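Before any comments, here is the structure.
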């Protein structure tokens, strides 16, 4: 039985595309059944439309509060019988209610080696600026489960690369995206869809074949 996946996105959707490509190649036993978009003018919507994937737009400004927005999102997720949620460049902060409805069923990709450079304000280009300012030799990306903290959930996968002497924040961002994020996010989704990931005492255990 294929798992039904929902992607949350706020941008161009390249990480979503990486997952879509692996599904198309038969490497993931799941389907993207829904896209939740935070705005109407994002590239992720065009990618969803190209595959006839349904999408819904939930902009924070259209709701009185984040809680009201997430209640509407939960209703939609239930209508689509969603098994797992993938945050792929989603800039909204999920409420406790949404997270509690999907414990250890929401994963996020973060462009650093958590716990380094995670938490409030650490998203997008800010993360890479911080890594360079700290004179780190290595950076990378992390796929983790989402809990009620910011970037604090159990880590599923991490991969690193060496920061080059001529890297600026933009080249580092692009390298991490292309060389790491587009590989480890689809692989984490593959493991999820094969029921190979368990969380025991807040630590991830991956079943081996």
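In this note's numbering, the protein residues as written are 10 to 218. Here a beta-carbon is modelled for each residue, glycine too, at the ideal position from N, C-alpha and C. The model shown is predicted, which means the values in this text are computed figures rather than measured ones.
Proximal residues to residue i (C-beta, below 6 angstroms), its chain only, five neighbours per side dropped
i	result
residue 76	104
residue 57	44, 64
residue 101	47
residue 72	78
residue 91	13, 15
residue 66	46, 49
residue 89	42, 43
Assigned secondary structure, residue i (DSSP; H/G/I helix, E/B strand, else coil)
i	result
residue 208	strand
residue 104	coil
residue 52	helix
residue 188	helix
residue 151	strand
residue 74	coil
residue 169	strand
residue 84	helix
residue 139	helix
residue 93	strand
residue 45	strand
residue 199	helix
residue 194	helix
C-alpha distance - residue i paired with residue j, whole-angstrom precision
i	j	result
residue 179	residue 110	36 angstroms
residue 145	residue 26	29 angstroms
residue 135	residue 31	29 angstroms
residue 201	residue 192	15 angstroms
residue 87	residue 95	15 angstroms
residue 74	residue 174	44 angstroms
residue 141	residue 184	14 angstroms
residue 198	residue 143	31 angstroms
residue 187	residue 153	19 angstroms
residue 70	residue 81	14 angstroms
residue 130	residue 164	20 angstroms
residue 10	residue 40	10 angstroms
Local Cβ density within 10 Å of residue i, reported as buried at 16 or more and exposed below that
i	result
residue 160	buried
residue 115	buried
residue 217	exposed
residue 68	exposed
residue 49	exposed
residue 99	buried
residue 211	exposed
residue 176	buried
residue 59	exposed
residue 195	buried
residue 124	exposed
residue 34	exposed
Supposed close pair residue i, residue j - CB separation, criterion 8 angstroms
i	j	result
residue 237	residue 28	Any answer about residue 237 is impossible in this case: the structure gives the chain only from 10 up to 218.
residue 203	residue 38	6 angstroms
Other residues of its chain near residue i: CB distance less than 8 angstroms, five sequence neighbours each side excluded
i	result
residue 138	178
Proximal residues to residue i (C-beta, below 7 angstroms), its chain only, five neighbours per side dropped
i	result
residue 215	200, 205, 206
residue 7	No answer is possible for residue 7: it lies beyond the span of the chain, which begins at 10 and ends at 218.
residue 189	149, 150, 168, 170
residue 157	105, 108
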